[in-house]
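The numbering used here applies: residue 9 is where the sequence shown begins, and numbers increase by one.
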Amino acid sequence: MVNSAPFTAVDKPVRNSGATSLEGLWRRMLERLAEGVSEDITADDASQIVARLRPLELTSTDLRLEAPNQLVLVCVTDHYLPRLREAVAAVVGSRHVALELPSRNQGELFVDLPRRRLDHRAAYSELNSKYTFANFVVGASNQFAHAASKAVASQPGDHYNPLFIYGGVGLGKTHLANAIGHQIQEKQPALKIGYLSSKTFIDNLIGSLRHDRMGEFKQRFRRVDVLILDDVQLLAGRERTQEEFFHTFNTLYELRRQMVLTSDKVPKDIPDLEERLRNRFEWGLIADIQPPDVETRVAILEKKADLERIPLDHDVALFIAGHIDSNVRALEGSLTRLGAYASLHRLPITVDLAREVLQAGTARGRAIGFSDVVAAVCDHFSVRPGDVHSKKRSKNIAMPRQLAMYLCRRLLGASFPQVGEAFARDHSTVIHAVTVTERRLKEDAALRATVERLERTLRGQ
Ligand code: ADP
Ligand code: MG
Numbered sequence: 009m010v011n012s013a014p015f016t017a018v019d020k021p022v023r024n025s026g027a028t029s030l031e032g033l034w035r036r037m038l039e040r041l042a043e044g045v046s047e048d049i050t051a052d053d054a055s056q057i058v059a060r061l062r063p064l065e066l067t068s069t070d071l072r073l074e075a076p077n078q079l080v081l082v083c084v085t086d087h088y089l090p091r092l093r094e095a096v097a098a099v100v101g102s103r104h105v106a107l108e109l110p111s112r113n114q115g116e117l118f119v120d121l122p123r124r125r126l127d128h129r130a131a132y133s134e135l136n137s138k139y140t141f142a143n144f145v146v147g148a149s150n151q152f153a154h155a156a157s158k159a160v161a162s163q164p165g166d167h168y169n170p171l172f173i174y175g176g177v178g179l180g181k182t183h184l185a186n187a188i189g190h191q192i193q194e195k196q197p198a199l200k201i202g203y204l205s206s207k208t209f210i211d212n213l214i215g216s217l218r219h220d221r222m223g224e225f226k227q228r229f230r231r232v233d234v235l236i237l238d239d240v241q242l243l244a245g246r247e248r249t250q251e252e253f254f255h256t257f258n259t260l261y262e263l264r265r266q267m268v269l270t271s272d273k274v275p276k277d278i279p280d281l282e283e284r285l286r287n288r289f290e291w292g293l294i295a296d297i298q299p300p301d302v303e304t305r306v307a308i309l310e311k312k313a314d315l316e317r318i319p320l321d322h323d324v325a326l327f328i329a330g331h332i333d334s335n336v337r338a339l340e341g342s343l344t345r346l347g348a349y350a351s352l353h354r355l356p357i358t359v360d361l362a363r364e365v366l367q368a369g370t371a372r373g374r375a376i377g378f379s380d381v382v383a384a385v386c387d388h389f390s391v392r393p394g395d396v397h398s399k400k401r402s403k404n405i406a407m408p409r410q411l412a413m414y415l416c417r418r419l420l421g422a423s424f425p426q427v428g429e430a431f432a433r434d435h436s437t438v439i440h441a442v443t444v445t446e447r448r449l450k451e452d453a454a455l456r457a458t459v460e461r462l463e464r465t466l467r468g469q
C-alpha cells in the first residue's frame, strides 16, 4: 500500500467529491492503521476508536479530522496520533493531522448538513445512543405511549400526526422520542430526521433572526421527513417562536411528514400557548406516561444494572424500587451511586449497603464522597464505575478515571494517598492523573465546561 501515489501535489483541498473521494482515502488510511498495530493496541481498538473520526478536508499541508466527542478526541490524541500520522503519510504523504470537535454553531446541531460534512447521518448526532426501544422497559404506566411510539416509528407519517407524548419529569419522554428517531434511522436511512429540544429550536430562531438568516432557518426545519421536538412546553410565552413553529408545523403536516412532540403538560395546560398551536398539538394522538409502578421500577433497575454490568440481586432491586418512587431518573441515579460505592469499597451489593448508600443520598446537605464523584463522572462519560476502579488501561477509561481523581482532590480536599486508596492506585498515579488533567483543562475549553458542570452538579448548585 506504500506504493499508492502520495497526493503531495494536491493544491486544491480534497473533499468528498469525484474519484479521489476523501472517504476513500480515509478508508485506506484506516486499513493501513489496522495493519500497523502492535501488541498494546489491537486492530479492534484502532477500528473502533479511530474509525469514529470523520475526515473533513485534505489540503497540501493538513488533514482535518472531526471527532464525535471529547472522549474520542482525547483518546486518539493520547494513544493513536503517532500511528495515525504514519498511516496518513503512507497513503497521501506527510500531513499535519488536525483533530477537531463538531462546531456547535447554530444549524449544525440539526438536520441541515454543513456542506463540509461527508456523511449525512452525522447530523443526527443529537440522538442519544442509549435511548433505544430495546433499552426501554414497558409497563402499565407507559404501555400506551410506547405502543404509539412504535407505530409511528414503523410507519412515520401514516398513523398519528403529531404524536404528542406527555408526562412528568424523568419518566421517559426523551427516551421514547430518541427511540423513534433511532428506529426510523435504522429502518429507513434515507429519511431525514430532525431531533432537537425546543430550547435548540428557540436558540436557532433567535440566532437566525439576529443574523438575518430566516430563509435558511425556514428551509432547514421544513425540509425534514421526521421532526422530533422535545419539551414543547418551553415554547410557552414565546410568541415569535410559536409563530414560526406554526408555519413549520403546517408545512410538514401538509406533506404528511411525521412530527413527534413531547411535553411535561397536556397542550391545554401549557400556559401562553397560542390557540391555533394548541389546537394543532391536539390533532394527532396524545399519549401520556405515568410514574412507573413498583414492578416496572424493579424491571427498569434490573435492565439498567444489566447494561452497566452492576451485579444486582432481585431483593436489592426490590428494596431500591420500594424506596424511590419519584421518577426513573432518580431511580437510575441511586443505582449508579450504589454501583460506584460498592466498587470503590469493594463491597458486595446487599440490601444493607443499599440502605446505607440511599440514606446518605437523601440526607440534606450531606458531604459528597468518592462514590458521588465517580458516579457523576461515569454518568457523564457513559463508562461503568467498575471500569474506573479496575486496572484496565484502555484508553476510553483512563481519561474519565484521571478526571475523577482530579475532582476528588478538588472537591473532597482528599490527599494524594487518600485518593490513591479510594481508587486502589498508588499516590504517584494520582499525582500523574491530576497533572495530566490540569494540562488538558488548560488546553481544552470544552473539557473545562464539562468539569464546571460536573462540579456544580456535585456541589448541588
Ligand atoms: P423525561 O424526558 O421524561 O424527563 P427521560 O426520557 O430523560 O425523561 O428519562 C430519564 C431517565 O430514565 C433516562 O435515563 C431514561 O433512559 C430512563 N427511563 C425512563 N423510562 C424508562 C423505561 N421505561 N425504561 C428504561 N429506562 C427508562
Ligand atoms: Mg426529557
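Think of the CB as a built atom: it goes at the ideal place given N, C-alpha and C, for glycine as much as any other residue.
Checklist entry - Would Asn-404 be called buried (16 or more neighbouring beta carbons within 10 Å of its own) or exposed? => result By the 10 Å Cβ count, Asn-404 comes out buried.
Checklist entry - Does the beta-carbon of Pro-279 have 16 or more other beta-carbons within 10 angstroms, so that it is buried, or is it exposed? => result Exposed is the call here.
Next on the checklist: Quick check: what's the CA-CA separation for Asp-314 versus Ile-188?
Outcome noted: Those two C-alpha atoms are separated by around 23 angstroms.
Checklist entry - Considering only residues of the segment 221-284, which uninterrupted alpha helix (DSSP H) runs meet the minimum length of 4 residues and lie entirely inside it, listed in chain order? => result Listed in chain order, the complete alpha helix (DSSP H) runs (minimum 4 residues) inside the segment 221-284 are 222-230, 247-262.
Checklist entry - Tell me which same chain residues have a C-beta within less than 8 angstroms of the C-beta of Leu-109, skipping the five on either side of it? => result Cβ within range, chain order: Glu-74, Ala-75, Asn-77, Gln-78, Leu-81, Ala-454.
Checklist entry - Given Ala-13, which residues of its chain have a CB within under 7 angstroms of its CB, disregarding the five upstream and five downstream residues? => result Because Ala-13 carries a pLDDT of 36, less than 50, the predicted location of this residue cannot be relied on, and the following value inherits that uncertainty. Cβ within range, chain order: n/a, list empty.
Item to check | Cα-Cα separation, Gln-196 to Gln-163 | outcome: Taking the straight line from one Cα to the other gives about 10 angstroms.
Item to check | Which residues DSSP lists as bridging Pro-63, in chain order | outcome: Here Pro-63 is bridged, per DSSP, to Leu-73.
Next on the checklist: Could you compute how far the alpha carbon of Ile-210 sits from the alpha carbon of His-255?
Outcome noted: Distance between the alpha carbons of Ile-210 and His-255: 14 angstroms.
Next on the checklist: So, with DSSP's three-state summary, where would you put Gly-428?
Outcome noted: Three-state DSSP puts Gly-428 in a helix.
Next on the checklist: Please state the DSSP three-state secondary structure of Ser-203.
Outcome noted: With the sequence shown as reference, residue 203 is identified as Tyr, and Ser is not the correct amino acid for it. DSSP places Tyr-203 in strand when its eight states are reduced to three.
Checklist entry - When DSSP labels each residue in this structure, what does Ala-295 get in the three-state scheme? => result Three-state DSSP puts Ala-295 in a strand.
Item to check | Cβ neighbour criterion (16 or more within 10 Å) applied to Glu-460 | outcome: Exposed, since its Cβ has fewer than 16 Cβ neighbours within 10 Å.
Next on the checklist: What does the alpha-carbon distance come out to for the pair Met-407 and Asp-452?
Outcome noted: Near 14 angstroms, if we compare the C-alpha coordinates of Asp-452 and Met-407.
Checklist entry - Name the DSSP bridge partner or partners of Val-105? => result Beta-bridge annotation (DSSP): Val-105 is paired with Leu-71.
Next on the checklist: For Phe-172, list the residues DSSP reports as bridge partners.
Outcome noted: Per DSSP, the beta bridge partners of Phe-172 are Leu-269, Ile-294.
Item to check | Limits of the unbroken alpha helix (DSSP H) element including Tyr-414 | outcome: Start and end: 403-420.
Item to check | Residue environment, Asp-220, which counts as buried when at least 16 other CB atoms sit within 10 Å | outcome: Asp-220 comes out exposed.
Checklist entry - Which of the three DSSP states, helix, strand or coil, is assigned to Arg-112? => result Low confidence applies to Arg-112: its pLDDT is 45, below 50, so where it sits in the model is not reliable enough to give any reading.
Checklist entry - From Ala-362 to Arg-418, what distance separates their C-alpha atoms? => result So the two alpha carbons sit approximately 27 angstroms from each other.
Checklist entry - Going by the C-beta, is Thr-182 closer than 6 angstroms to any heavy atom of the ligand MG? => result Thr-182: yes, Cβ under 6 angstroms from the ligand MG.
Next on the checklist: Can you give me the C-alpha to C-alpha distance between Leu-121 and Val-240, rounded to a whole angstrom?
Outcome noted: In this prediction, Leu-121 scores a pLDDT of 31, lower than 50, which makes its location untrustworthy; no coordinate-derived value is stated.
Checklist entry - From what residue to what residue does the alpha helix (DSSP H) around Asn-186 run? => result Where Asn-186 is concerned, the enclosing alpha helix (DSSP H) stretches over 181-195.
Item to check | Contact test: Arg-337 Cβ vs the ligand ADP heavy atom, cutoff 6 angstroms | outcome: Correct: Arg-337 has its Cβ closer than 6 angstroms to the ligand ADP.
Item to check | Alpha-carbon to alpha-carbon, Ser-423 and Leu-320 | outcome: Per the coordinates, the alpha-carbon of Leu-320 lies some 32 angstroms from the alpha-carbon of Ser-423.
Checklist entry - Looking only at its own chain, which residues have a Cβ that is under 7 angstroms from the Cβ of Arg-284, when we skip the five neighbours before and after it? => result Non-local beta-carbon contacts of Arg-284 in its own chain, meaning distances under 7 angstroms to residues more than five positions away in sequence, involve Phe-254 in chain order.
Item to check | Buried versus exposed, by CB contacts within 10 Å (16 or more), Gln-410 | outcome: So Gln-410 ends up on the buried side.
Next on the checklist: Quick check: the Cα distance between Gln-151 and Ala-329, rounded to an integer number of angstroms?
Outcome noted: Answer to the nearest angstrom: the Cα atoms are 19 angstroms apart.
Item to check | Leu-121 (DSSP reduced to helix, strand or coil) | outcome: Residue confidence is low: Leu-121 scores 31 on pLDDT, short of 50, so the model does not pin down where it sits. Its coordinate-derived value is still stated next. Coil, per DSSP.
Checklist entry - Under three-state DSSP, which class holds Ala-146? => result First, the amino acid is wrong: residue 146 is Val here, not Ala. In this structure, Val-146 counts as coil in the three-state DSSP scheme.
Checklist entry - Considering only residues of the same chain and omitting the five flanking positions on each side of Ile-172, which have a CB-CB separation below 6 angstroms? => result Checking the displayed sequence, the identity of residue 172 turns out to be Phe instead of Ile. Taking C-beta separations shorter than 6 angstroms and ignoring five residues to either side along the sequence, the partners of Phe-172 in its chain run Leu-269, Phe-289, Ile-294, following chain order.
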